[in-house]
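Engineer:
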Amino acid sequence: MLIKTLFAGAGGQGVLSMGYCLAYAAMLEDLHVTYMPAYGAEVRGGTANCTVVVSDEDIASPIASSPDNIVILNNPSLVRFTNFGRPGGSYLINSSLVNGKLKRSDVTSLYMPASELAEKSGSLRNANMMLLGAFIAMSGVVTMDTMQAAIADIFAKKNKKVIDINQQAVQSGYDWAAAELGKGRAAKKKTAKKPAPKTRAAAGR
């Protein structure tokens, strides 16, 4: 197993936190991990991205060229990383802040109105955690139980309310994505071509 993931957005959107949470959760599952944050994220509104490589074997390089998964939080990141993901990979896109659709037919894409869902839940700042939960549902890189444990550890120095809010946001994102992915599978089954019925002449042969 070797899974490369890129998280990309703007400074202040919690992009680096998403990558750190994934890396921490993977370590809890005794997997090999590299985490590479981009510099400059401290400037709110500036670009920010990080890559996380997860493997069950030693990782030769922390550089995630042609990542398997890309999580996009804003429009500039979509423009920048549209052609960065490998063919057959997946894109998770915050449709609340991204205009238009991904112009690729060789990848799987899921559009999540994360900012809107977070605002409805009570805090716009939870959008990144909702996307993280959705990413877990899409990729299965780590289990949700492990991610919840990682969040509890990472935010242990804060009060329990902060831990609960982040855990609930991740779970909400996971549940939303699982439901959407389920709809997609059902739709594919519906539209799958059925074999043509036999004609009477053919049946009588």
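Using this note's numbering, the first residue of the sequence shown is number -12, and each one after it goes up by one.
Note that CB positions come from ideal geometry on N, CA and C, so glycine has one too.
Please state whether DSSP places Thr69 in a helix, a strand or coil.
Structural biologist: In the sequence shown, residue 69 corresponds to position 82, counting from 1. Thr69: coil per DSSP, three-state reduction.
Engineer: Using a Cβ-Cβ cut-off of 6 Å (strictly less than) and excluding sequence neighbours within five positions of Ala12, which residues of its own chain qualify?
Structural biologist: Residue numbering aside, residue 12 sits at position 25 when the sequence shown is read from its first letter. Contacts found: Val129, Thr133, Met134, Ala137.
Engineer: Can you give me the C-alpha to C-alpha distance between Thr178 and Ile141, rounded to a whole angstrom?
Structural biologist: On the sequence shown, position 191 is the one that residue 178 refers to. On the sequence shown, position 154 is the one that residue 141 refers to. Model confidence at Thr178 stands at a pLDDT of 47, short of 50, so the residue's coordinates are unreliable; what they give is reported in the following sentence. Each residue's alpha carbon lies about 44 Å from the other.
Engineer: So Leu97 and Met125 are supposed to be a Cβ contact under 8 Å. How far apart are they, rounded?
Structural biologist: Here residue 97 is taken as the residue at index 110 of the sequence shown, counted from 1. Here residue 125 is taken as the residue at index 138 of the sequence shown, counted from 1. About 6 Å separates the two Cβ atoms, so the contact holds.
Engineer: Are at least three pairs of beta-carbons, each pair with one atom in the region 71 to 85 and one in the region 40 to 56, less than 8 Å apart?
Structural biologist: Yes: the two stretches touch, three or more of their Cβ pairs being nearer than 8 Å.
Engineer: Kindly indicate if chain B contains any beta-carbon less than 8 Å away from that of Leu3.
Structural biologist: No chain B appears in the structure shown, which is made up of a single protein chain.
Engineer: Are the CB atoms of Leu60 and Leu3 nearer to each other than 8 Å?
Structural biologist: Start at 1 with the first residue of the sequence shown, and residue 60 comes out as number 73. Start at 1 with the first residue of the sequence shown, and residue 3 comes out as number 16. It is not a contact, given that the beta carbons lie outside the stated cut-off.
Engineer: Here's the rule I'm using: 16 or more other beta-carbon atoms within 10 Å means buried, otherwise exposed. How should Asn146 be labelled?
Structural biologist: Locating residue 146 in the sequence shown gives position 159, counting from the first residue. Exposed, since its Cβ has fewer than 16 Cβ neighbours within 10 Å.
Engineer: Is the region 77 to 88 in contact with the region 148 to 158, if contact means three or more CB pairs nearer than 8 Å?
Structural biologist: no
Engineer: Can you find the residues in the same chain that come closer than 8 Å, C-beta to C-beta, to Gly45, ignoring five residues on each side of it along the sequence?
Structural biologist: The count along the sequence shown starts at 1 and reaches residue 45 at position 58. First, the amino acid is wrong: residue 45 is Asp here, not Gly. Answer for Asp45: His19, listed in chain order.
Engineer: Does the separation of the CB atoms of Thr(-8) and Leu9 fall below 8 Å?
Structural biologist: The residue you call residue -8 lines up with position 5 of the sequence shown. The residue you call residue 9 lines up with position 22 of the sequence shown. Cβ distance < 8 Å, so Thr(-8) and Leu9 count as in contact.
Engineer: Which one of Gly(-1), Gly(-4), Ile(-10), Ser83 has the shortest CA to CA distance from Thr21?
Structural biologist: Sequence index remark: in the sequence shown, residue 21 carries index 34 (1-based). Comparing Cα-Cα distances from Thr21 to each of Gly(-1), Gly(-4), Ile(-10), Ser83, the minimum goes to Ile(-10).
Engineer: Are there 16 or more other CB atoms within 10 angstroms of the CB of Val41, so buried, or fewer, so exposed?
Structural biologist: Locating residue 41 in the sequence shown gives position 54, where the first residue counts as 1. Result: buried.
Engineer: Please state the DSSP three-state secondary structure of Thr130.
Structural biologist: For the purposes of this step, residue 130 is identified with residue 143 of the sequence shown, where counting begins at 1. Thr130: coil per DSSP, three-state reduction.
Engineer: With a threshold of 6 Å on Cβ separation, who are the neighbours of Phe122 within its own chain once the five nearest residues in sequence on each side are excluded?
Structural biologist: What you label residue 122 is simply residue 135 of the sequence shown in a count that begins at 1. Only Val58, Leu79 meet the Cβ criterion.
Engineer: Quick one: give me the first and last residue of the beta strand (DSSP E) that Ser83 is part of.
Structural biologist: Indexing the sequence shown from 1 puts residue 83 at position 96. Per DSSP, Ser83 belongs to no beta strand (DSSP E) and is neither H nor E.
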